[in-house]
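Please read the structure below before turning to the comments.
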Amino acid sequence: MADLVSHPDETRVVSQRFGKGAADINRHLELDGYKAVQKALQMQPDDIINEVKTSNLRGRGGAGFSTGMKWAFVPKQSDKPKYILVNGDESEPGTCKDRLILEHDPHSVIEGVVIAGLAVGAKVGYVYIRGEYRYLVDIMRKAIADAYAKGFLGKNIFGSGKDFDVHWHTGAGAYEVGEESALMESLEGKRGIPRIRPPFPAIVGLWGGPTVINNVETLASVPHIILMGGQKFADYGPPKNGGTRLFCLSGHINKPGVYELPLGYPLKKMIYEVGGGIPNGRKLKAVVPGGSSTFVLTAEEADQMNMDFDSFSKRGEFLGSGGVVVLDDQTCMVKFALRVMKFYQHESCGWCIPCREGTDWLKKTLTRFHAGGGLKKDIDNIKYLAQNMLGRTFCPLGDAAAIPTMSIVDKWRSEFEAHLEGRPCPFEPEGSRTISELPVIA
Amino acid sequence: MAEPKSITITVDGKSLSAPAGTLLIEACKAVGIEVPSFCYYPGLSLQAACRMCLVRIEKMPKLQTACTVQITDGMVVTSDSDEVRQARKSMIELLLGNHPLDCPVCDAGGECELQDMTFKYGAAESRYMEGKLHKEEQQWSPVVYFDRPRCILCYRCVRACGEGMDVWALGVQNRGSSSVIAPNQGDHLECEECGMCIDICPVGALTSGAYRYKTRPWEMKHVGTICTHCGDGCKTTLGMRRSDTGMDIVRGDNRDKSGINGDFLCIKGRYAFDYFDHKDRLRHPLIRRNGQLTQATWEEALEHVGKRLKEIRDTQGGQAIGVIGSNRTTNEENYLLQKFARTVLGTNNIDHHRTTDFAGFARAITGKQNATATMRDVATASSILLIGNDPTEQHPLLAWNIRSNVRLNRAKLFIVNSRPIKLRRQAAAFLQVPEGRESKFVAFLNGDDTAAGSLTSPAVSNDSLKQVRDQLRGAQDPIIIFGSELRGADIAALVKFGSGVRAMFICLGDYANSRGAADMGLYPDLFPGYVAADGPHNFNEEWGKVPQVKGMDIAGMMQAAKDRKLAALYVVGSNPVTDYSFDPAALQNAFVVVQELFLTETALLAEVVFPAASAYEKAGTFTNTCGDIQLLKKAGEISSVRSDFEIIVRVADRMGADTKKLVPFGKGVHADMGQSRGAQSGEADRHAVWLTANNLDPRLSPFDPMAILDEIQRLVPGYEFSRLNLIAGNDEHVTAAEHSNAGAGNGLVQIVPANDSLFTSGTLGRYSHTLNSVIENRRSTESKEVMAD
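If you read the protein sequences in the order shown, they are chains A and B.
Quick note, the first sequence lines up with residues 184 to 625 if you use the numbering used here.
Quick note, the second sequence lines up with residues 857 to 1645 if you use the numbering used here.
Below, the structure written as C-alpha cells:
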C-alpha cells in the first residue's frame, strides 16, 4: 500500500474515499457508493452523456479529449455488441494515480463503467490493468465478484431489468498497450500493436464492435459527476477544463505523492507549497509537467504555468498524464534525456521504422554522448533523429520519445556541449566514470 | 453491384480520377505517380508500418500514409516535396542504420527494393557510430533461410504466409529493435514450403536454400516458362546459366507477375525443376544387349527401333503395337505421337495415364458456350462449388485463387468432400460426405431428395444440404470445380444442374499437360478434339488412311500383352508398370521402347530407351486443367538428350515414313534434318513473332513444334487462339471439349488419380532433391492446421 499524502489545497472528489477502506464493498456503500449508477439507471442515455459533457470532463490518460464527446460518437444502433474498456495500463513514467484509485476505490471504476455502458448502450465492460500492477488485479477481481454478489453486475442490475457484465484482464507489461487500439489488440489476445485509424474505436473497436475506451481516473470521476451534477464538477476548474485532477508529484521534491487539485492550479504553487519545495536547498532546473512524453519545462517556464489542458495547448504543448517530475539544479539533462530514451527504446513495439530504429539509435547515441564520447555533430544529430520521428510514426509513442528529446536539446544545449571532447559528465563526481567504460565505437 | 462513383483528387497539381474508396497509393500508381512503400502490398492487409509512403494532404496536421488513406472528393495531395522527400530519406537512413549493407554478397543485390529506394532517396552518409544489431542467420527449412540483420520488418512474409497461404507459419517475436520474424516451430518451419515469403521479401532477409550465394541476378538469363508439375500451369521464371553440360537452372521464381498465377508459386514451381540434373538422369540411349541395357549411340538406337517397328507393323499389322503417351509432354508432342501411331504405326492402340475423365467431361459439355472457366476466372467468380479433390495439395494455384477470391471479394465457397480438406476454412458451407458419395450429391442437386439419405451425418443435416442447394440454385454464374471423384454420367448430371445456373466448369486432372493429352487425342477411341475414331471425321483426308476401329486402352493393351498379342509397346514419358500395375512379365516378349528422363520401372523392361529432354529443354505449349494454353519456352539444353518430338520424327523417318506428311514443315522449302536451334527454341524474337503472327514462318525443320501447332490450330476446333498473344507469353483459353464430337462413351473408363501431395509429383517428384528434402514430405500424419489470427 502506497502512503497517502494530503494538502489543504486539495479538492477531494475522485480521491474522497482514499484511505477509508472503500475497496470493501460495504464500506464503499456507506460512502455513497453505487448511488450514482442507480441515479443513472433512471436517466435517459442522452441525459447521461449531456451531464458528462456539461462537466467538461476531459480524458485523464493524457490526451485530454472530451469524454462526453467520445461517448457521443458511439452509434446508437450497432449489429455488433458495444463495449466499455477501462484503460488501466498506467505506464507513463511519473504517473501513479490510477494505481491509487484501483487500490483504494475500485468500485468507483466499476460504477463508472456501468454508467458509461448505460450512456452508450453497452452491456459489457473490461477493466484492463497493466501487467506490473499484479496486486491490483486481485483487488479488482474481488471488487467485481462482490458487485456481482450484490446484484450490481450481471443480470437485471439493481432490479432494473438491464444486464451488465464487467471482466478484468491483465496486460503482459507493455507501455505501448496504453495506446487504446493496442490495448484492444492485447485484450483480443494479440501482440500489443496499435491499429490503423480510422476507423476509430467508437465505430470499430474491440472485436469489431463500437467501443468506448476511457482512463481509470476518467471513469472514476463519472459517478461523482452524476451525483453532484456536471456543472458543479466543471466549476472546480477553469473554463473547458472541468473538475479536479490527481497530480503525481515526484522527483526532487520534499513531499512527493498524489494530490487531487483543481485543474488550472499553478505549477509553481504545486511544487513549492503542495510539494513542499526542493530538498537540500537546491534550485529548480526543469519540470516534466505530465509524464515523460511531454515537453520539458525550464524553471522559468514552470513558474508561469497553470496546470490545465488549454494553458499547455496554447503553447503547442501537452498537459499530459498528471505525472509531474521535478528536477533540481544538480540534474544532468543529458543523462535525463538518456534515461527517458532508454524507456522508450525498451517500450517501442517495433511496428514502424521511425520509432523502432529511431529510439534505438537515440539511446545508443545518448549513451555514448553521456559517457563522454560525444561529437559536436551528435547534438544536431540527436535533434535531427527526434525531428524525423515526430509526427511520422504509426502511433504517438514515437512523438512521445521525440518531444522530450527535442525540448531538452533545445533548452539545455549547453549541457550537451559540456560533455564534449571526452569530458566526464559535469554533474557526476570526477573519476566516477572512466574512459574504459565508454561504449565501444564500431 | 453498382460501380463505385468516380471522384477527382489533385496530386502534385495534377488532377486525377479514381473510384471512391480507392487507396491513395493505388490512385497515384494508376496515373504513374510512384509513391514508395515497403510494407504495402496489393491484396494483403494494410500495415502502415514502413512509413515510406508518407504524403502531405491538405487540411491534415501530419503527413499521412498513402497506403491507408482512401481518397475523398477534392483531396489535395503533395507526394513530392522537400518535406516528403526528407521524410522518406530519414526512413531509409533509419533502416540502413542496422542493416548490414552486405549488398555485394546478398542474393537480393541488384533486385532489392531497399537498394532501389536508397538509390532514389539517397541516404549516403551514416549518422551513427555505434555497432549494428546483429543476429546469426538461421536456416528454417531446406529451402528457406532467414537473415535478421537484413530484415526491414515490412511483415509481407507474415501476411503472404498467413492471409495468402492460410498457413500462418510466420510471426513476430520480441519487440522494438529486437523484433524478429520467427518460424512456427521456434527454430524451423513446418509449412507448405511454398517460398512465397522469399519471393515477396523486398530485401535479402529471406533467401532460397536452392539459390543462395550461387550467382548474381544479372548473370542469369531469365526465361518465363510453365511449371512442369501439376495441372494448374503456373508461369515460372527460370534463372538460367550455361554449364559444362549445356545449362544450369539456378533458380525458379515468379518475378514475372503476368502469369495466371500472379503472385503465387508453390514449392514445385519454385524449386522442383531440380530433377533436370539429377545424377540418374538418362544421358545416352540404351539398347538391351545380352539382357542388359547398355549405352548406345543415337544412330544405333534409332536404327534399331525404326527397323523393328517397321518389321512388326509390316508382318503383324499395327494392331500388334501399342502406344502410351504422356501427361507431361507438350501438346505438339502428344498430337505428333497419336498421329505417328495412327498414320505410321497404323494403330488406334493409344492411351495415356488418365487421372480424371476429361473425355466424359467433353461429352457432357459438348455444344455448350462458355462452359469452361479459366484459372483467372476462379479468382473473381462470385461463388464456387468444389466437389472432391484437395486443391491445397493437388492444385495449389487453384487453392490460392479460391482463397484470394474469398478473402478479397467475399466469394461464396461450397465444398463437398469426403475428407476435411483445408479449403473448408474458407468455405461458406462444407459438406463432408461419405467417400464415394459425391455423385449422390450431384443427384441431390438435380432434385433427387432421396439421395440426401446417403449424404447426411451428424455434421451434415438434411437442412444444410438443402440450404446449399438453394444457395447454388440462386447463385449467379458460379464456377463448379470437380475432381476425379466424378466420372462419366455423374459429370453429365453435374453439367445438367450447372447449365441451369449458367455455371462454368473446371475438371481437375493431375500433371502439367493431362488436359493437353486429352485434347490432343491420346485415346484409343478419340482423335484430337475428342472426335470419335469410329464416327465421321476428316482425318482420312488430312492424314491419309487412319484405322477406323477403336483401339485398345491401357487395360486392353495389358490384356493383349498377357495374351501375347502385343508385339510392341511404345511408351513416351509414362510409367504404366507402376501407375497401372502393368504386369512386367506380360511384356517379356514384346518389343518395348521408352522415351524417358529416368530409368523408370517401365524403362527397365525396355529393349530401347531414348533419353528425352525435359520440359525445360524444349518449346511447345501446355494446356492446363482449366483449358488455359500457354507457351512452354525452351530455357536451355543439356547435351545428349533430345526432345520427344524429335525422337518421334526420327523414328518415323527410320521407318521410312514421309516426315513431311507427319510434320507439315517446309512449305516448299527443302527439309532440314539437322538441328535447327532457333526453330526449336521457341524464343520470341521480334522477327519470329512477326512471321508467326502473319503465318509466314517458313518452318525449316521437321523438329519445329510450331509446325505441328499450325496443324493443331487448323484441325482441332476450339484451338483457334491468338498465336501472337501466346508467343508474347500470355495465356489463351481453348475450348476443344466444348467443340467435341465424341459420340457415346463405352462407360468403362479406367481412371487412376495421381493423388500427389504438395511434395510428390509422379516420376519427376521422385528425382527432385527439394521435394525429397523437406521434412513435411516425411510426415506420417496430417500436419496440425494453425488457425488464423
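By construction, the Cβ of each residue, glycine as well, lies at the ideal position given by its N, Cα and C atoms.
Item to check | Runs of alpha helix (DSSP H) lying entirely within the region 1252-1307 of chain B, each at least 4 residues, in chain order | outcome: 1252-1265 and 1294-1301
Checklist entry - So which residues of chain A does residue 1472(B) contact, with C-beta pairs closer than 7 Å? => result Near residue 1472(B) there are no residues of chain A at all, since even the closest Cβ is about 41 Å away, more than 7 Å.
Next on the checklist: Below 8 Å on the Cβ atoms is my contact criterion, and I expect residue 478(A) with residue 500(A) to pass it. Report the Cβ-Cβ distance as a whole number of Å.
Outcome noted: 4 Å
Checklist entry - For residue 870(B), does the count of other Cβ atoms within 10 angstroms reach 16, so buried, or fall short, so exposed? => result exposed
Checklist entry - Under 8 Å, do residue 1311(B) and residue 1477(B) count as touching if we go by C-beta distance? => result no
Checklist entry - Helix or strand or just coil, what does DSSP make of residue 436(A)? => result coil
Item to check | Residue from 1016(B), 1411(B) and 1103(B) whose Cα sits closest to the Cα of residue 1118(B) | outcome: 1016(B)
Item to check | C-beta neighbour in chain A for residue 1369(B), strict 8 Å | outcome: no
Item to check | Residues near residue 152(A) in its chain [Cβ-Cβ closer than 8 Å; skip 5 each side] | outcome: No answer is possible for residue 152(A): the residues shown for chain A start at 184 and end at 625.
Next on the checklist: How far does the beta strand (DSSP E) with residue 386(A) in it extend, from its first residue to its last?
Outcome noted: No beta strand (DSSP E) holds residue 386(A); DSSP gives it neither H nor E.
Checklist entry - Should residue 901(B) be labelled buried (16 or more other beta-carbon atoms within 10 Å of its own) or exposed? => result Exposed.
Item to check | Any chain A beta carbon closer than 8 Å to residue 1028(B) | outcome: yes
Checklist entry - Who are the Cβ neighbours of residue 431(A) in its own chain at under 7 Å, not counting the five residues just before and after it? => result Spatial neighbours of residue 431(A) in its own chain (CB-CB distance under 7 Å, excluding positions within 5 residues in sequence) are listed in chain order as 277, 278, 279, 280, 441, 505, 506 and 507.
Checklist entry - Straight-line CA distance for residue 1564(B) to residue 1496(B)? => result 24 Å
Next on the checklist: Going by beta-carbon coordinates alone, are residue 1247(B) and residue 1237(B) separated by less than 8 Å?
Outcome noted: no
Checklist entry - Going along the chain, which residues of the region 569-586 of chain A sit with their C-beta nearer than 8 Å to a C-beta in chain B? => result 571, 574, 575, 576 and 577
Next on the checklist: In this structure, how does DSSP classify residue 295(A) when only helix, strand and coil are distinguished?
Outcome noted: In the structure shown, residue 295(A) sits in a helix (DSSP, three-state: H, G or I).
Item to check | Where residue 955(B) falls: helix, strand or coil (DSSP) | outcome: Reduced to three states, the DSSP call for residue 955(B) is coil.
Next on the checklist: For the region 1024-1037 of chain B against the region 530-538 of chain A, do three or more pairs of beta-carbon atoms, one drawn from each stretch, fall closer than 8 Å, so that the two count as touching?
Outcome noted: yes
Checklist entry - Would residue 933(B) pass as a contact of residue 974(B) if the rule is Cβ separation under 8 Å? => result no
Item to check | residue 1503(B) versus residue 886(B) - alpha carbon distance | outcome: Here the alpha carbons of residue 886(B) and residue 1503(B) stand approximately 50 Å from one another.
Item to check | For residue 1006(B) and residue 571(A), the rounded distance between their alpha carbons | outcome: 22 Å
Item to check | Rounded Cβ spacing between residue 245(A) and residue 275(A) (contact assumed at less than 8 Å) | outcome: 6 Å
Checklist entry - What's the C-alpha gap between residue 271(A) and residue 959(B)? => result 46 Å
Checklist entry - Quick one, which residues of the region 927-953 of chain B are near chain A if we go by CB-CB under 7 Å, in chain order? => result 943, 946, 947, 950, 951 and 953
Checklist entry - Which residues of chain A have a Cβ atom closer than 8 Å to the Cβ of residue 924(B), listed in chain order? => result 379
Checklist entry - So residue 549(A) packs on residue 520(A), CB below 8 Å; how close in whole Å? => result 6 Å
Checklist entry - Are the C-beta of residue 496(A) and some C-beta of chain B separated by less than 8 Å? => result no
Checklist entry - How many Å lie between residue 1435(B) and residue 1219(B) at the Cα? => result Taking the Cα positions, residue 1435(B) is about 25 Å away from residue 1219(B).
Next on the checklist: Using only the alpha-carbon positions, how far apart do residue 1230(B) and residue 1631(B) sit?
Outcome noted: 34 Å
Next on the checklist: By the three-class DSSP mapping on this structure, what secondary structure does residue 1500(B) have?
Outcome noted: helix
Checklist entry - From which residue to which residue does the beta strand (DSSP E) around residue 1145(B) run? => result 1142-1145
Next on the checklist: Using a Cβ-Cβ cutoff of less than 6 Å, which residues in the same chain neighbour residue 996(B) once the five nearest sequence positions on both sides are dropped?
Outcome noted: 1002, 1039, 1044 and 1045
Item to check | CA nearest to the CA of residue 314(A), picked from 555(A), 286(A), 609(A) and 357(A) | outcome: 357(A)
Checklist entry - Quick one: what does DSSP say residue 411(A) is sitting in, helix, strand or coil? => result helix
Item to check | Beta-carbon proximity check, residue 911(B) vs residue 946(B), cutoff 8 Å | outcome: no
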